[in-house]
Amino acid sequence: DTAVSQTPKYLVTQMGNDKSIKCEQNLGHDTMYWYKQDSKKFLKIMFSYNNKELIINETVPNRFSPKSPDKAHLNLHINSLELGDSAVYFCASSHAVSPSGNTIYFGEGSWLTVV
Amino acid sequence: GESVGLHLPTLSVQEGDNSIINCAYSNSASDYFIWYKQESGKGPQFIIDIRSNMDKRQGQRVTVLLNKTVKHLSLQIAATQPGDSAVYFCAEKTSGNKLVFGAGTILRVKS
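Below, the structure is given as structure tokens:
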């Protein structure tokens with residue numbers, strides 16, 4: 002009965018590879034997000050989607066391509082992985098585009114290590 | 066441990082004492098604020114929120130105080146327990162409808 006679930010939890014891959022992280026939420030939310038947390042624990046938004054439509058794109062390199070097949074899923078595909086992409090990636094969801102008054106729920110994170 | 070190599074502010078408290086975690090936010094136009102708790106190996110977990118038209122909000126064992134004059138937010142945890150040990154983040158909603166997170170504070174509870 003996990004609210005926001007993302008897979009895989011751990012991913013170790015070589016530079017130059019392409020990888021995907023999948024996310025699903027069963028909360029009935031219409032907005033989903035991807036956040037990146039670096040080694041210093043700094044948490045920064047990458048993307049947000051509302052009803053499958055891209056709302057926020059925080060100047061993320063175009064090697065990162067989110068895809069939302071339906072409002073319960075937001076997958077993150079990363080091309081040509083670089084060492085600096087190593088981080089924890091969190092998927093999240095909320096009820097509306099504006100987070101004011103609508104709690105954002107986070108998944109457990111996907112630990113990506115690029116070697 | 067998880068905090069090795071991190072240079073986040075750290076608050077160490079004795080079990081049973083009260084904890085106060087502080088946060089300075091940057092945007093005077095921010096109108097909504099949230100405190101999150103992140104335990105080791107897990108995602109951020111919602112604790113409590115407050116809108117800018119309030120200066121105090123209480124939950125179970127937690128209180129958030131908002132001082133808009135100096136752009137300061139604090140989280141008070143009453144009777145701190147070992148299970149409260151985590152990294153705590155404040156977040157503000159900016160004009161772009163984004164949640165911007167602060168740097169985080171490590172709370173260590175000593176038994």
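Respectively, the protein sequence lines represent chains D and B.
The numbering of the first sequence is the numbering used here, which starts it at 2 and goes up by one.
The numbering of the second sequence is the numbering used here, which starts it at 66 and goes up by one.
Backbone N, C-alpha and C define an ideal beta-carbon position, used for all residues, glycine too.
The model shown is predicted, which means the values in this text are computed figures rather than measured ones.
The stretch 32-41 of chain D and the stretch 79-94 of chain D touch, with three or more beta-carbon pairs separated by less than 8 Å. Using a Cβ distance threshold of 8 Å, Ile86/B and Leu130/B do not count as a contacting pair. Distance between Asp82/B and Lys102/B, taken at the CA atoms: about 18 Å.
Using a C-beta cut-off of 8 Å, the stretch 40-58 of chain D makes no contact with the stretch 89-99 of chain B, since fewer than three inter-stretch Cβ pairs fall below that distance. The beta carbon of Arg64/D is closer than 7 Å to those of Ile79, Asn80, Ser81 in its chain, skipping five residues each way along the sequence.
The secondary-structure analysis by DSSP pairs Leu75/D with nothing; it has no beta-bridge partner. Identification of residues in the stretch 132-160 of chain B having a C-beta nearer than 7 Å to some C-beta of chain D yields Val152, Phe154, Lys158, given in sequence order. Secondary structure note for Ser117/B: it is in no beta strand (DSSP E), with a DSSP letter that is neither H nor E. Judged by DSSP in its simplified three-state form, Leu131/B adopts strand.
A residue is called buried once 16 or more other Cβ atoms fall within 10 Å of its Cβ, and Gly169/B is buried on that count. Between Leu113/D and Met16/D, the C-beta gap is not smaller than 8 Å, which leaves the two residues out of contact. Put simply, the backbone Cα of Leu28/D is about 11 Å away from that of His74/D. Residue range 44-51 is occupied by the beta strand (DSSP E) that includes Asn51/D.
Straight across, the Cα-Cα distance linking Tyr11/D with Lys20/D is about 12 Å.
Within chain D, the residues Lys41, Lys42 have their CB atoms less than 8 Å from the CB of Leu73/B, given in chain order.
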